[in-house]
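Structure representation (structure tokens):
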């Protein structure tokens, strides 16, 4: 028991120390909680606990495996496949402390596949515990919509297409359908009482009244809480029309939301508003959260103004002078400059590439830089 307690304390400390790991678990827990509210509301608490601990077994693996900005070797992959078993065994040993057999099973089998090709037991179909089937989708969705040094993330639409494509293969098709409807706004799980009392027409009338009265706070509450696509679109459009610094800041705050559809709405809104707030967006290129930086680069790439390239050029100039940035952020900056720049940026990219060659530890980024130069020269 003492060993297990130490492991759980270590896991808690690790989550706190590793910001990206903590964000991953918060997002997976949020997605799984929303699914459980529809599929098995009586098990929401179990789902939340299992989601928050689903990667517990990774504390038993060499840390350098997860620090490498590349695909895993076959040997490393075999080690990674052990983490559900390690996590379940740790939880099993503290079952007397309140960890249920259902939670343990959910953690053990969250990497099983509907078609039987998963691990660790190769379970198939409904042999896989229900909560594990929920976690599998939540975990995979967050993985493909999060940024990694060796690949870019998928957009919300691309990620949903991947979930749809894998329904019946990797994922329980019924759970996949529930998830896609929740994320795309087709299911209501926990709407506010105010929104729940009103039919869509009444809500749209309220949106118009709130917009006319400048009730920004109410529009944002509706945007965040509603799962009615028409109401959400109406609130979003009114907020973008307002285009005030307050609206800008509220959308910026949504960039850190654990819910992918809210991050997507924020990115789209800030692309529309960004031409008037480029100075503010540029400050976010130096935010402590690398995900925020990457979102901002995506926003700048979509801003309909040539001047949006200037913050990216200044950012890359600092990189070429030796400023350290995460690899995935630099990769996103290179992609952004390709979208906004032209042949005249080849010299800047050459300086970045020269720095990467001198450091000699960024093969992926050297390749990305070379690709960026080729694309810009072809403009």
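In the working numbering, the protein residues as written are 827 to 1205.
We treat Cβ as the ideally placed atom computed from N, Cα and C, and that holds for glycine.
Leaving aside the five residues that flank residue 1141 on each side, the residues in its chain whose CB is nearer than 7 Å to its CB run, in chain order, 1111 and 1159. Apart from sequence neighbours up to five positions away, the residues of its chain that approach residue 1120 with a beta-carbon distance below 7 Å are 973, 1154, 1155 and 1158, ordered along the chain. About 11 Å separates the CB atoms of residue 1045 and residue 1058; that is not less than 8 Å, and the two are not in contact. One alpha carbon belongs to residue 952, the other to residue 1100, and they sit about 47 Å apart.
Close CB contacts of residue 870 within its chain, under the 7 Å cut and outside five residues either way in sequence, are with 859, 862 and 863 (chain order).
In the DSSP assignment, residue 997 forms a beta bridge with 993.
In the displayed model, residue 1183 falls within a helix according to three-state DSSP.
By the CB criterion at 7 Å, residue 934 and residue 1001 fall outside the cutoff.
Residue 943 and residue 874 have their C-alpha atoms spaced approximately 26 Å apart.
Note that the region 955-971 touches the region 989-1000; at least 3 beta-carbon pairs, one per stretch, sit closer than 8 Å.
Considered as a whole, the region 1131-1186 harbours 1135-1146, 1153-1166 and 1172-1185 as its complete alpha helix (DSSP H) runs of no fewer than 4 residues, in chain order.
Contact between residue 1092 and residue 1081 is confirmed by a C-beta separation of about 5 Å, below the 8 Å threshold. At a Cβ-Cβ threshold of 7 Å, residue 1072 and residue 1109 do not count as neighbours. Looking at the backbone, the Cα of residue 911 and that of residue 902 are separated by about 16 Å. Nearest to residue 1102 by alpha-carbon distance, out of 1085, 1132 and 1086, is 1132.
Per the coordinates, the alpha-carbon of residue 956 lies some 47 Å from the alpha-carbon of residue 1145. Listed in chain order, the non-local C-beta contacts of residue 1106 below 7 Å within the same chain comprise 1074, local neighbours out to five positions each way being set aside. Taking a contact to require three or more Cβ pairs closer than 8 Å, the region 874-884 and the region 980-989 do not qualify as touching.
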